[in-house]
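Peer 1: If you number the sequence shown the way numbering that gives the first Met the number 0 does, the last residue is 270 and the count never jumps. Sharing a structure with you now.
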Amino acid sequence: MVFPFFAIFFVLGTIIGSFLNVVIFRMNTQKSFFGSFGGRSACMSCKNKLTWYELVPLFSFLGLRGRCRTCKSKISIQYPLVELVTGLIFALLFLKFENIFFSSGFVFFITYLYYAVIFSILIVITVYDLRHKIIPDILSFVFGALAFIGLFFFHSNGIYWYIPSIMDFLSGLLIALPFAFFWLVSGGRWMGLGDAKLAIGIGWMLGLSGALSSLTIAFYFGAIVGLFLIIFSKIYGWKYKMKSEIPFAPFLVLGTVLVFLFELNFFVFIF
């Protein structure tokens with residue numbers, strides 16, 4: 000009985016992922032922000048307007064074999080990857096709140112909508128940081144504001160009114176403090192200030208112990224990826240070196256997704 004709903008939310012996620020690709024490509028360009036998102040999508044190379052069957056999430060990329068129907072230029076792999084990841088996250092969000100879905104449709108709708116928006120923003124932050132090595136302030140501020148609101152209403156097991164504790168309020172600042180410190184003492188060479196802004200929202204969203212768990216995952220994955228990049232750079236002659244810049248927001252978001260969706264908590268007995 001669950002699988003049909005899982006599939007429905009996966010498809011919904013791929014559709015939203017298609018829109019997120021538009022946001023990512025058009026943000027901070029002459030086409031952004033809201034005024035141009037209503038325009039028809041076109042090939043990035045030949046500017047030819049795309050038909051409906053060229054815009055079907057995942058399937059259009061596969062059917063076109065990754066190339067524009069008109070000019071045959073390659074279509075960025077970002078398109079299907081973002082659609083796939085968004086679809087999986089939306090489907091897993093349904094599984095997380097499955098019990099609420101079958102007990103209270105309205106509560107599920109509000110809760111699901113809130114976290115769907117949250118994770119959509121995090122996906123945009125991830126891909127944008129990978130492409131441009133910067134986190135747009137507007138995204139960090141909106142994410143932080145939503146996470147702060149969530150302190151009062153939204154929790155991993157549903158929605159209800161809750162008076163946050165002092166530690167709940169401080170969790171965002173405490174998680175962001177190390178990032179801000181590294182940014183300050185290194186002049187931005189070790190860590191970007193955007194990571195500190197993002198960490199505030201993560202702290203408010205996950206709580207102190209959950210956020211620390213997400214940071215642990217982020218640093219481990221970051222170290223592993225960095226090590227592999229160094230090894231393969233020596234093998235294949237890539238330009239990556241020890242001092243090369245690696246966007247850290249994707250690892251922060253990965254840790255946040257894993258901790259929230261799978262309820263990973265390495266510090267539950269401490270806090």
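Note that beta-carbon positions come from the ideal geometry of N, C-alpha and C, so glycine has one too.
Once DSSP output is grouped into helix, strand and coil, what is the label at R25?
Peer 2: Stepping through the sequence shown from its first residue, residue 25 is reached at position 26. Residue state, collapsed to three classes: helix.
Peer 1: How big is the Cα-Cα spacing for L251 and L226?
Peer 2: Working through the sequence shown from its first residue, we reach residue 251 at position 252. Working through the sequence shown from its first residue, we reach residue 226 at position 227. Distance between the alpha carbons of L251 and L226: 18 Å.
Peer 1: Could you check the C-alpha separation between D136 and M26 for me, to the nearest Å?
Peer 2: Start at 1 with the first residue of the sequence shown, and residue 136 comes out as number 137. Start at 1 with the first residue of the sequence shown, and residue 26 comes out as number 27. Each residue's alpha carbon lies about 12 Å from the other.
Peer 1: Which residue comes first and which comes last in the alpha helix (DSSP H) that contains Y111?
Peer 2: The residue labelled residue 111 in the question sits at position 112 within the sequence shown. Here the alpha helix (DSSP H) through Y111 covers G104 to H131.
Peer 1: From the DSSP output, read off the bridge partner residues of R66.
Peer 2: Here the question's residue 66 lines up with position 67 in the sequence shown. DSSP, once it has assigned bridges, lists K73 as partnering R66.
Peer 1: G143: buried (16+ other C-beta within 10 angstroms of its C-beta) or exposed?
Peer 2: To locate residue 143, count along the sequence shown from 1; it is residue 144. Per the 10 Å Cβ criterion, buried.
Peer 1: Flag this pair as touching only if the stretch 4-21 and the stretch 91-103 have three or more C-beta atom pairs under 8 Å; answer yes or no.
Peer 2: yes
Peer 1: Would you kindly check if the distance between the Cβ of S139 and the Cβ of I199 is under 9 Å?
Peer 2: Residue mapping note: residue 199 aligns to position 200 of the sequence shown, counting from 1. Residue mapping note: residue 139 aligns to position 140 of the sequence shown, counting from 1. Against a cut-off of 9 Å, the Cβ pair of S139 and I199 comes out as a contact.
Peer 1: Scan the stretch 153-240 and note each continuous alpha helix (DSSP H) run of 4 residues or more that stays entirely inside, going in chain order.
Peer 2: 165-185 and 192-235
Peer 1: How long is the line joining the alpha carbons of L19 and I109, rounded to whole angstroms?
Peer 2: As a first step, residue 19 is located in the sequence shown; it is residue number 20 there, counting from the start. As a first step, residue 109 is located in the sequence shown; it is residue number 110 there, counting from the start. If you take the alpha carbons of L19 and I109, they lie about 21 Å apart.
Peer 1: Skipping 5 residues on each side, what residues in its chain have a beta carbon closer than 7 Å to that of P249?
Peer 2: Within the sequence shown, residue 249 is the residue found at index 250, counting from 1. Contacts found: T125, D128 and L129.
Peer 1: Taking C-beta to C-beta, are F152 and W160 nearer than 9 Å?
Peer 2: Looking up residue 152 in the sequence shown gives position 153. Looking up residue 160 in the sequence shown gives position 161. Going by C-beta atoms, F152 is nearer than 9 Å to W160.
Peer 1: Can I117 and G86 be called in contact, C-beta distance under 9 Å?
Peer 2: The residue given as residue 117 occupies position 118 in the sequence shown. The residue given as residue 86 occupies position 87 in the sequence shown. Going by C-beta atoms, I117 is not nearer than 9 Å to G86.
Peer 1: Looking at the strands, I want to know which residues DSSP matches up with K95.
Peer 2: Sequence index remark: in the sequence shown, residue 95 carries index 96 (1-based). K95 pairs with nothing; no bridge assigned.
Peer 1: Considering only their Cβ atoms, is the gap separating A210 from S204 smaller than 9 Å?
Peer 2: Counting from 1 along the sequence shown, the entry for residue 204 is found at position 205. Counting from 1 along the sequence shown, the entry for residue 210 is found at position 211. Note on identity: in this sequence residue 204 is Met, with Ser being the wrong assignment. In this structure, A210 lies closer than 9 Å to M204 by Cβ.
Peer 1: State the beta-bridge partners of A146 as determined by DSSP.
Peer 2: For this step, residue 146 is matched to residue 147 along the sequence shown. Answer is none; A146 lacks a bridge partner.
Peer 1: How long is the line joining the alpha carbons of P163 and G202, rounded to whole angstroms?
Peer 2: For this step, residue 163 is matched to residue 164 along the sequence shown. For this step, residue 202 is matched to residue 203 along the sequence shown. If you take the alpha carbons of P163 and G202, they lie about 13 Å apart.
Peer 1: I'd like to know if the stretch 212-230 and the stretch 260-267 are in contact, where contact means that at least 3 CB-CB pairs between them fall below 8 Å.
Peer 2: Under the 8 Å Cβ criterion, the stretch 212-230 counts as touching the stretch 260-267, having at least three qualifying pairs.
Peer 1: Measuring alpha carbon to alpha carbon, tell me which residue in I229, L49, L192 and V81 is nearest R68.
Peer 2: On the sequence shown, residue 68 is found 69 positions in, with the first residue counted as 1. If we check each option's Cα against that of R68, L49 comes out closest.
Peer 1: Do I134 and L197 have their CB atoms nearer than 9 Å?
Peer 2: Locating residue 134 in the sequence shown gives position 135, counting from the first residue. Locating residue 197 in the sequence shown gives position 198, counting from the first residue. Yes, these two residues count as a Cβ contact at 9 Å.
Peer 1: With distances taken from CA atoms, which of S119, E244 and F9 is nearest L253?
Peer 2: Indexing the sequence shown from 1 puts residue 253 at position 254. Of S119, E244 and F9, the residue nearest in Cα terms is S119.
Peer 1: For V1, count the other beta carbons within 10 Å of its own beta carbon; 16 or more makes it buried, fewer makes it exposed. Which is it?
Peer 2: To locate residue 1, count along the sequence shown from 1; it is residue 2. Under this definition V1 is an exposed residue.
Peer 1: In angstroms, rounded to a whole number, what distance separates the CA positions of V81 and F107?
Peer 2: Your numbering for residue 81 matches position 82 in the sequence shown. Your numbering for residue 107 matches position 108 in the sequence shown. Put simply, the backbone Cα of V81 is about 25 Å away from that of F107.
Peer 1: Determine, for P163, whether the minimum Cβ-Cβ distance to residues of chain D falls below 9 Å.
Peer 2: In the displayed structure, chain D is absent; only one protein chain is listed.
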